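For the protein sequence lines, the chains are A and B, in the order given.
Position in the first sequence counted from 1, then plus 59, gives you this note's numbering.
Position in the second sequence counted from 1, then plus 59, gives you this note's numbering.
Quick reminder that beta carbons are idealized off the backbone N, C-alpha and C, glycines included.
In this text the structure is predicted, and so the values were computed from the model without any measurement.
There are 2 protein chains.
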Amino acid sequence: MNIYDIAEKSGVSVSTVSRVINGTARVREETKQKVLSVIRDTGFQPNAFAQALNFNSMGMIGVLCTNFADSYYSRVVAHLEKHLRDNNLNVTLVCPGQTIAEKKEGIRALKAKGVDAIVLIGATFLELEREFIADISATCPLFTLSYHHLDLPNVHSVCCDERGAVKDVVTKLIAAGLPRVLFVCEHIQNSNNTKYSGYRDAYEACGLPLPELLLPTGCYTAEAEPIIADFLAANADRIDAVLTGNDELAAFTLKAMHRLGISRPVVGFNNSLLSQQVIPELTSVDNRVEEMCRLTAANLVAKLQKQEVPQRTVISAELVRRESF
Amino acid sequence: MNIYDIAEKSGVSVSTVSRVINGTARVREETKQKVLSVIRDTGFQPNAFAQALNFNSMGMIGVLCTNFADSYYSRVVAHLEKHLRDNNLNVTLVCPGQTIAEKKEGIRALKAKGVDAIVLIGATFLELEREFIADISATCPLFTLSYHHLDLPNVHSVCCDERGAVKDVVTKLIAAGLPRVLFVCEHIQNSNNTKYSGYRDAYEACGLPLPELLLPTGCYTAEAEPIIADFLAANADRIDAVLTGNDELAAFTLKAMHRLGISRPVVGFNNSLLSQQVIPELTSVDNRVEEMCRLTAANLVAKLQKQEVPQRTVISAELVRRESF
DNA sequence: TTGAAAGCGGTACCAT
DNA sequence: ATGGTACCGCTTTCAA
C-alpha cells in the first residue's frame, strides 16, 4: 500500500494525495474528503523512510547516556523523551560503555542514523577530543546536559551550577559548627571534580584551611559500601559531616554509620527517590533535572527551527533539606 | 556528498561504489581500494534514509516503557539496548503516560517510524485490546518482556514465572512459622495480580485459609509510605511478615516498621540496587532482568532473520536472601 | 485546483 | 568485473 494506490482508489494523482497528507497546498474540499476517506479506509500510512529521504529528517533525536542503570540518568532520559515527544520528536537511545572508544562509536552510530541532533547526557563529552566533537557538531547540532559547558560552534549546553551549590552547602555545614566535611565520590573526575572545586571554594571563602577529607572510592557506586565503612571506622573522630557525589553513596554512608554506631550529618546529591527511602531521610542537593531537560528540549526545538539559541544556559541547584542535615 | 560524487572521484560508476560499500558482489581489488580511499578521504557516509528506503529497514527497534522512573524498568531498557546494539540494532525509546490512549499512541508512533520490531516492557499490553495488538503485530513483530504471555501470531513473550516465585517464598515464610503474610502492592492489577495468585497458591498448597492481609496502596510507590505506616500501625499484631510488589515498597515498609518500633521479616521484589542500600538489607525476589533481556534480544534477532522463534519463553525467578528474611 | 515528472540517495538487476 | 538504469515511496516544481 503506497501513495499510488491511494491516488488510484481516490481517482486523483499522487501529487494531490501528497498535498492532502501534508497540507502543503490548497486542495478542493471535496477532493480532499475523498482522499481522506480512502486513507482512513485503507489504514494507509506514508512510508517514513521515503519521507525522511525527501525531508532529510526523520524527526529523530539521538540521546547518548553512558550510565543508564543509574536512576538519576534514567530520569533525565525520561523527562527528555517526554519533552521531545511533545514536539513530535522521537528519541534514539544509545547507552555505550564507559570507554572513550565506545562513546565515540555511539555518537558516530547516532549520526550515521541521520538523527537531527544529539543530546549528550552527563559529562561524557569532556573526555572526548575537542576535534572529535567539532567534527560531529559541524553537521549535527549537539546539546549537552550536565554541569559543564563546551565552547564550540553548534554545541549548546544546559548546565546546573553544582560548584556553586556545593560551595553553599559546605559553607552552611561550616557555619553550623561542622567544619570537617568529608567528601565521598567515585572518582575525582568530571562532575565530582567540579563539586570538589565548590568544596574548596567554601573553605577558601570561610578562610579555613582545606581539611584532608576526600574519599574517592575508586569503584562503582554499588561496590562502595565496604570502602566507605572502613574509612569511616578509621577516621570517625575527625569527621563532622559527610557530603557525597550522589544519593547512593550517601545511603551507603548512612548505613555504614549506623553499623558503626556513629551519627553525622550527611548530604547527598541529585535528590533522587532514594533520598526519601532511607533512614534518616536524606538532605540532598537537587540539580533540577526536569528543568534542565525542559530547557534542553526547548533549545533543541528552537535550533531545528533555525532560531538563535544561547550556547550556554545555566541554572542553579537547590538544597532540599530533610532529616540527615 | 553522495554516492555519485564518490563514483566520480573514484572514476567508477555508482554501482561499483555501492558494491564496495555493501560487499554484495566481487570488485577488483585495485578498484575497491581506490573507492575505499576516496570514501576515507571524503568522510563519506551513505545516506541512512535512502538505504532504509531500499532495504525497508533502518535497523531500528521500538521500545515502549511506561514506567521509567522505576529503576527496575530502566535496567531493562539498558540491558535490552546493549544486547540489541551488539546486533547492530538501535533503540527508539518511547515512554508514554499510563493511560491506554497514550500507550496506543506510543505504539502507533513507533510503527509509523518504520521500526523493525517493537518491544513492550512490562505488562502494558494486557490493558490493550487484543484487536489492537493483533493489528499492530500483523505487520510488525511484537516482543513482550514481563510475567505474562499473550497468544497471538507474531507476538513473542519472555516471561518470568513470578507467580511460582511468590508461591515459593510465601511457602517458605509459612514454613518458617510466619503464616500471616501481608502483601503490599500499588494496585491489585497486572503483575501484582499474578503475584497475588502465587500468594494464594501458597496458602492453598499448605492447606491454610487465606489471611485477609492485602494492602493495595492505591497510589504511586513514591507516595505509599504513610499508607503503609498507617496500615502497619493498625494491624501489627496480626502480621507475621510482609511481602511487597517491589523493593521500593519494601523499603518504605522497613522504614515504617522502624518508626513504629516493630520488626517483621520483609521480602521485596526485583532485587534492585535499593535492596542493598537499606537497613536491614532486603531479601528480594530476583526476576533476572538481564537474562530476560538477553533472551528477548536473541528472539528478536532470530525473528528478523526469518528464523522460527518460540512464542513463549519462560524463566524462573530466584529468591535472593539477605537480612530482612 | 490538479497532474506530470524530476528529484531525494541509494540498491540491484540486466547487459556488456 | 563493471556500467546503465529502473525502482524504493514520497515531495515539489512546473505547466496546464
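Where do the ends of the beta strand (DSSP E) carrying residue i lie?
i, result
"Met119(A)", "Met119 to Cys124"
"Thr75(B)", "Element bounds for Thr75(B): not the beta strand (DSSP E) but the alpha helix (DSSP H), Val73 to Asn81."
"Leu169(B)", "That residue, Leu169(B), is in no beta strand (DSSP E); its alpha helix (DSSP H) goes Ile159 to Ala171."
"Leu152(A)", "Asn149 to Val153"
"Leu302(A)", "Ala300 to Thr303"
Taking residue i and residue j to be in contact with their CB atoms under 8 Å, please state how far apart those CB atoms are, rounded to whole angstroms.
i, j, result
"Leu313(B)", "Ser383(B)", "7 Å"
"Leu232(A)", "Ala300(A)", "5 Å"
"Thr355(A)", "Val240(A)", "Incorrect: roughly 32 Å between the Cβ atoms, too far for contact."
"Cys244(B)", "Thr183(B)", "Not quite, the Cβ-Cβ distance comes to about 17 Å (not below 8 Å), so this is no contact."
"Asn330(A)", "Asp345(A)", "4 Å"
"Val94(A)", "Ile65(A)", "7 Å"
Which partner residues does residue i have in the DSSP bridge list?
i, result
"Ile180(B)", "Cys124(B) and Leu204(B)"
"Glu377(B)", "Asp345(B)"
"Asp289(B)", "In the DSSP output, where bridge partners are listed per residue, Asp289(B) has none listed."
"Ser216(B)", "Thr203(B) and Arg371(B)"
"Val229(B)", "DSSP, once it has assigned bridges, lists no residue as partnering Val229(B)."
"Leu274(A)", "Val243(A)"
In the DSSP assignment, the alpha helix (DSSP H) including residue i goes from what residue to what residue?
i, result
"Phe311(A)", "Asp306 to Leu319"
"Gly327(A)", "Taken as a continuous stretch (DSSP letters only), Gly327(A) belongs to no alpha helix (DSSP H), being part of the beta strand (DSSP E) at Val325 to Phe328."
"His51(B)", "Absent from the structure is residue 51(B), since the part of chain B shown begins at 60 and ends at 384."
"Thr253(A)", "Asn249 to Cys265"
"Tyr63(B)", "Ile62 to Ser69"
"Gln110(B)", "Ala107 to Phe114"
"Leu187(A)", "Counting along the chain, Leu187(A) falls outside any alpha helix (DSSP H), and DSSP gives it neither H nor E."
"Thr101(A)", "Glu88 to Thr101"
Does any CB atom of chain B fall closer than 8 Å to the CB of residue i?
i, result
"Cys218(A)", "no"
"Arg144(A)", "yes"
"Lys226(A)", "no"
"Glu282(A)", "no"
"Lys162(A)", "no"
"Val229(A)", "no"
"Phe108(A)", "yes"
"Leu204(A)", "no"
"Ile195(A)", "no"
"Glu89(A)", "no"
"Glu307(A)", "yes"
"Ala264(A)", "no"
"Ser133(A)", "yes"
"Ser130(A)", "yes"
"Phe311(A)", "yes"
If we define contact as Cβ-Cβ less than 8 Å, is residue i a contact residue for chain A?
i, result
"Cys154(B)", "yes"
"Gln54(B)", "Limits of chain B in this structure are 60 at one end and 384 at the other, which puts residue 54(B) out of reach."
"Thr342(B)", "no"
"Gly173(B)", "yes"
"Thr151(B)", "yes"
"Met316(B)", "no"
"Val379(B)", "no"
"Phe127(B)", "yes"
"Met117(B)", "yes"
"Ile166(B)", "no"
"Gln104(B)", "yes"
"Ile338(B)", "yes"
"Leu332(B)", "yes"
"Glu140(B)", "yes"
"Ser77(B)", "no"
"Leu12(B)", "Residue 12(B) falls outside the range modelled here, since chain B spans only 60 to 384, and no answer is possible."
Determine the burial state of residue i: buried for a count of at least 16 other Cβ atoms within 10 Å of its Cβ, exposed for fewer.
i, result
"Arg222(A)", "buried"
"Asp210(B)", "exposed"
"Asn113(B)", "exposed"
"Cys352(B)", "buried"
"His246(A)", "exposed"
"Ser96(B)", "exposed"
"Ser322(B)", "exposed"
"Gln366(A)", "exposed"
"Arg144(A)", "buried"
"Ser74(B)", "exposed"
"Ser375(B)", "exposed"
"Arg318(B)", "exposed"
"Gln335(A)", "buried"
Taking 7 Å as the cut-off, is the beta-carbon of residue i closer than that to any non-hydrogen atom of the ligand MG?
i, result
"Ala283(B)", "The ligand MG is not among the ligands present in this structure, which contains no ligands whatsoever."
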